[in-house]
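Chains B and L, in that order, give the protein sequences.
When the letters of the first sequence are read in order and numbered with my numbering, they come out as residues 1 to 201.
When the letters of the second sequence are read in order and numbered with my numbering, they come out as residues 1 to 201.
C-beta atoms are modelled at their ideal positions from N, C-alpha and C, and glycine is treated no differently.
Accompanying notes for the structure given below.
Protein chains: 2
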Amino acid sequence: MSRPRGFVEADVLERAMQYFWTNGYEATSMSALTGHLGLHPGSLYRTFTDKHTLFLRALEHYRDTHTRQLAPTLLAGGPVLPRIRKVLIDYLDAAADESVPRGCIAVNTVGERLPRDEAAGRIVQEILALVEDGFRQGLEAAARHGEIPADTDVATEATMLMTLLQGLQVVVKAERDPRRLTRMIDAALTRLAEPVRHVDA
Amino acid sequence: MSRPRGFVEADVLERAMQYFWTNGYEATSMSALTGHLGLHPGSLYRTFTDKHTLFLRALEHYRDTHTRQLAPTLLAGGPVLPRIRKVLIDYLDAAADESVPRGCIAVNTVGERLPRDEAAGRIVQEILALVEDGFRQGLEAAARHGEIPADTDVATEATMLMTLLQGLQVVVKAERDPRRLTRMIDAALTRLAEPVRHVDA
DNA sequence: CCAGAATGTGAATGCGCGTTCTCAATGCGT
DNA sequence: ACGCATTGAGAACGCGCATTCACATTCTGG
Chain B
1 MSRPRGFVEA DVLERAMQYF WTNGYEATSM SALTGHLGLH PGSLYRTFTD KHTLFLRALE
61 HYRDTHTRQL APTLLAGGPV LPRIRKVLID YLDAAADESV PRGCIAVNTV GERLPRDEAA
121 GRIVQEILAL VEDGFRQGLE AAARHGEIPA DTDVATEATM LMTLLQGLQV VVKAERDPRR
181 LTRMIDAALT RLAEPVRHVD A
Chain L
1 MSRPRGFVEA DVLERAMQYF WTNGYEATSM SALTGHLGLH PGSLYRTFTD KHTLFLRALE
61 HYRDTHTRQL APTLLAGGPV LPRIRKVLID YLDAAADESV PRGCIAVNTV GERLPRDEAA
121 GRIVQEILAL VEDGFRQGLE AAARHGEIPA DTDVATEATM LMTLLQGLQV VVKAERDPRR
181 LTRMIDAALT RLAEPVRHVD A
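Rendered as structure tokens:
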């Protein structure tokens, strides 16, 4: 062995993720990053190879710390629909409360790096799959507990919620009054809870 | 007067828009752009001031040539819901047919430039408002013609369709099999057409 | 306590970017 | 036919970027 590190890799990854999240990939310069991280170029490059590799690892860090939480959160017990609502509403509140709405690093990455950056594309794909699967598990539980009709096509509805969430993260960044979207979220979830019936002819 | 231009400004704007659409803002170098446009730096800068101004004008060009078509398209006569479906499906087919799905330049801009680029943010806001308003007009017509229940909250449903469309353009860029999403689109539109009734207790 | 491997430090490097400059070519107004 | 403002052309510039280097420092294993 030899001299030990003066930093914790996971901490650096967390801070790098936050910075990329706020500023995007191209607009993030390595000098700005070293300043924000409190690391010198030498340490950074010896640990993370280069800028792009660091970015990918930051994206994976997001997947592991943020996205993986979704399913456990929804299945934590009690009614699921209010939890789904909370997930969606929290994004709006975050965008409305912060002076600078920064959306979601995965969605931002899709806009900035895809389809050119295939490695990033694979990670984003995993993130979207985790979101969709989290919603699917939540809806399955909701169907079991009678929150939504038992014959609901949960796979399709999970796809819809996932897509709607991504759309929300796009719209929120450009929307003057994010809370305006609350009404839409409630409409979507209300319809999920109410069985659809054809009018009797 | 004096020597006339060897190019048409609108044509250059169209080509610039296509290039930004495919490659994004930062990853588009001015030298690559001059090559693609067949213009020399001098002409480009004399006509469009600088890269950022050219980008903003390309975005406005998208708004005027693409987004403004939505409402007229939906209101062209005949059933509206199939037209809305076609708009959504066309995005999936475009992503599936092209070897390189490039999404939508507005959504890409949100991911890459917002909230930092306020001028771009304003244009994107206009684009989203045009989409939402186009859907609203379409749903109003659909309600008049009995395609959807007369008491439908068209404003809220328009917001939902707009948000869903933005989500679609995100997901499509990362999705291996875009046509998988067709089922979800059909579910969303089917529910729009069918009146929601509480089950009689 | 010493050898040595990895670290912190920050200056240095090369390259590509956005932008500007110079200059010859062009065609409309008179 | 001619003047001249504007264009086409492409070399040149300065700057900031990602990355690397050299070197002193630090701590662990034996």
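For Ala141/B, the CB contacts under 7 Å within the same chain, skipping 5 residues up- and downstream, are Leu75 and Val80 in chain order. Note on geometry: alpha-carbon atoms of Pro101/B and Gly146/L lie some 40 Å from one another. Here His52/L carries a helix assignment [DSSP, helix/strand/coil]. Between the stretch 144 to 161 of chain L and the stretch 89 to 96 of chain L, the count of Cβ pairs shorter than 8 Å is below three; the stretches do not touch. Looking at Leu44/B, Thr163/B, Pro4/B and Ala150/B, the one whose alpha-carbon comes closest to that of Asp133/B is Thr163/B. Residue state for Phe20/B is assigned as helix, using DSSP reduced to three classes. Close to Glu112/L, with beta-carbon spacing below 9 Å, are these residues of chain B in chain order: Gly24, Tyr25, Glu26, Ala27, Asn108, Gly111, Glu112 and Arg113. Using a CB distance below 8 Å, the part of the stretch 135 to 167 of chain L facing chain B consists of Asp153, Thr156, Glu157, Thr159, Met160, Met162, Thr163, Leu164, Leu165, Gln166 and Gly167, ordered along the chain.
As the crow flies, the alpha-carbon of Ile105/B is around 20 Å from that of Arg176/B. Cα atoms of Gly24/B and Val124/B: separation of roughly 15 Å, rounded to the nearest angstrom.
Approximately 25 Å separates the beta-carbon atoms of Phe20/L and Ala71/L; this is outside 8 Å, ruling out the contact. Close partners of Pro101/L in chain B (Cβ separation under 7 Å): Pro115. By the Cβ-count criterion, Met30/L is exposed, with fewer than 16 other Cβ atoms from all chains shown falling within 10 Å of its own Cβ. The alpha carbon of Ala193/L has as its nearest neighbour, out of Arg3/L, Thr159/L, Ala150/L and Lys173/L, the alpha carbon of Ala150/L. When DSSP assignments are scanned along the stretch 117 to 198 of chain B, no uninterrupted stretch of beta strand (DSSP E) that is 3 or more residues long falls wholly within it. The beta carbon of Arg191/B falls within 8 Å of a beta carbon belonging to chain L, placing the residue at that interface. Annotated as distal: Ala27/B and Leu54/B, with beta-carbon spacing of 8 Å or more.
Scanning Val170/L, Ile84/L, Asp11/L and Lys173/L for the CA closest to the CA of Ala188/L turns up Ile84/L.
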